[in-house]
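J.: For the sequence shown, the residue numbers in full-length UniProt numbering are 1 to 184.
From the three backbone atoms N, C-alpha and C, an ideal C-beta is built for every residue, glycine too.
Computed from a predicted structure; not experimentally measured.
Sharing a structure below in structure tokens format, with a few things to ask.
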Amino acid sequence: MLRHFIDEKIDTGAIIDQQSCEIDENETVGTLYKKLMDMGSILSLNTVNNIAAGKITTQTQPMKDTLKEAPKLNAANTTIDWNNSTKAVNAMVRGLYPFPVAKAVLIQENIETVKIYQTSVRLEKHKMNPGSIVIEDDIFKVACTDGFLIIDEMQLPNKKRMDVKSLLNGYNFSADARFHNGLL
């Protein structure tokens, strides 16, 4: 997190103050946002007080030749590709939670896009195709290249978001149900 003076270009002003924080392994955008909001309010107050008291020393921002802009989120980069590692897919889900939420294309009797909210990783060797679904008791597993992604919360089209145990109590997936890799 960084506070800087404004100048004629984007994000190039002299640095007034900065602070970093740890990003936990299971952090989501929502939890990180809250953490940064709390940090930012304290940092902003300290920055304003230090400017008012004349107690600041600035440092020049390192200049880079090219500005790298983050890609805009769209259907292609928010839809899960099950050919990735479980860690990468889990990170994607966390990075899109609580908004706009990771999506996956479910193929069974018809093709539907579902929203996936909460997941965890199970590194377990298997010989299944990525996107294959395994339901064991009330555990919903999806094959990735190096293990399974455990889906904890999901939302089917025109249904409310629910934990997987509740979902499995009221919805039957067909025996050949699977997730498509990326968009159709």
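Sort Lys72, Asn50, Ala177 by Cα distance to Arg3 and report the nearest one.
T.: As a first step, residue 3 must be located in the sequence shown, where it is residue number 3. The candidate whose alpha carbon is nearest that of Arg3 is Asn50.
J.: Take Thr66 as the anchor and find which of Glu109, Thr78, Gly95, Thr12 has the nearest alpha-carbon.
T.: One-based indexing of the sequence shown puts residue 66 at position 66. With distances taken between Cα atoms, Thr66 lies closest to Thr12.
J.: Expressed to the nearest angstrom, what Euclidean distance is found between the alpha-carbon atoms of Gln155 and Leu183?
T.: Here residue 155 is taken as the residue at index 155 of the sequence shown, counted from 1. Here residue 183 is taken as the residue at index 183 of the sequence shown, counted from 1. Each residue's alpha carbon lies about 18 Å from the other.
J.: Straight-line CA distance for Asp81 to Lys72?
T.: The residue given as residue 81 occupies position 81 in the sequence shown. The residue given as residue 72 occupies position 72 in the sequence shown. Rounded to whole angstroms, Asp81 to Lys72 spans 18 Å at the Cα level.
J.: So what's Thr47 in DSSP terms, helix, strand or just coil?
T.: Taking the first residue of the sequence shown as position 1, residue 47 is located at position 47. Reduced to three states, the DSSP call for Thr47 is helix.
J.: Pro157 and Ala143: beta carbons closer than 8 Å?
T.: The sequence position of residue 157 within the sequence shown is 157, counting from 1. The sequence position of residue 143 within the sequence shown is 143, counting from 1. Against a cut-off of 8 Å, the Cβ pair of Ala143 and Pro157 comes out as no contact.
J.: With DSSP run on the structure shown, which of helix, strand or coil describes Val101?
T.: For the purposes of this step, residue 101 is identified with residue 101 of the sequence shown, where counting begins at 1. Correct three-state label for Val101: coil.
J.: Below 8 Å between beta carbons: does that hold for Thr60 and Ile16?
T.: For the purposes of this step, residue 60 is taken as residue 60 along the sequence shown, with counting starting at 1. For the purposes of this step, residue 16 is taken as residue 16 along the sequence shown, with counting starting at 1. Their beta carbons are not under 8 Å apart, which means Thr60 does not touch Ile16 by this criterion.
J.: What span of residues does the beta strand (DSSP E) with Leu73 cover, start to end?
T.: Numbered from 1 along the sequence shown, position 73 holds the residue referred to as residue 73. It is not in any beta strand (DSSP E) - Leu73 carries neither H nor E in the DSSP assignment.
J.: Thinking Gln19 and Met37 are a contact (beta carbons under 8 Å), I'd like their distance in whole angstroms, please.
T.: In the sequence shown, the residue the question calls residue 19 occupies position 19. In the sequence shown, the residue the question calls residue 37 occupies position 37. 13 Å between Cβ atoms; not a contact.
J.: State the Cα-Cα distance for the pair Cys180 and Ala102, rounded to the nearest angstrom.
T.: Counting from 1 along the sequence shown, the entry for residue 180 is found at position 180. Counting from 1 along the sequence shown, the entry for residue 102 is found at position 102. The question names Cys, but residue 180 is His in the sequence shown. Looking at the two C-alpha atoms, the distance is approximately 14 Å.
J.: Entirely within the UniProt domain "Formyl transferase C-terminal" (72-172) and at least 3 residues each: give me those beta strand (DSSP E) ranges in chain order.
T.: Complete beta strand (DSSP E) runs here, min 3: 102-107, 111-122, 133-136, 139-144, 147-155.
J.: By a C-beta neighbour count over all protein chains shown, 10 Å radius and 16 as the cutoff for buried, is Glu136 buried or exposed?
T.: The residue you call residue 136 lines up with position 136 of the sequence shown. With fewer than 16 other Cβ atoms within 10 Å, it is exposed.
J.: Kindly indicate the opening and closing residues of the beta strand (DSSP E) around Asp17.
T.: By 1-based counting over the sequence shown, the position of residue 17 is 17. It spans 15-18 - the beta strand (DSSP E) in which Asp17 sits, taken as one unbroken run.
J.: Whole angstroms are fine: how far does the CA of Gly54 sit from the CA of Ile42?
T.: Taking the sequence shown and counting its residues from 1, the one referred to as residue 42 is at position 42. Taking the sequence shown and counting its residues from 1, the one referred to as residue 54 is at position 54. Between Ile42 and Gly54, the C-alpha separation is close to 18 Å.
J.: Exposed or buried, which one is Ile23 when buried takes at least 16 other CB atoms within 10 Å?
T.: As a working mapping, residue 23 is identified with position 23 in the sequence shown. It is exposed - the Cβ of Ile23 has fewer than 16 other Cβ atoms within 10 Å.
J.: On the premise that Asn26 lies in contact with Arg94, defined as a C-beta separation below 8 Å, what is that separation, rounded to the nearest angstrom?
T.: Along the sequence shown, one-based indexing puts residue 94 at 94. Along the sequence shown, one-based indexing puts residue 26 at 26. The pair is a contact, with the Cβ atoms about 7 Å apart (cut-off 8 Å).
J.: If the criterion is Cβ atoms closer than 8 Å, does the pair Met28 and Ser85 meet it?
T.: For the purposes of this step, residue 28 is taken as residue 28 along the sequence shown, with counting starting at 1. For the purposes of this step, residue 85 is taken as residue 85 along the sequence shown, with counting starting at 1. In the sequence as presented, Met is not what sits at residue 28; that position holds Thr. No; because the gap between Cβ atoms is not below 8 Å, this pair is not in contact.
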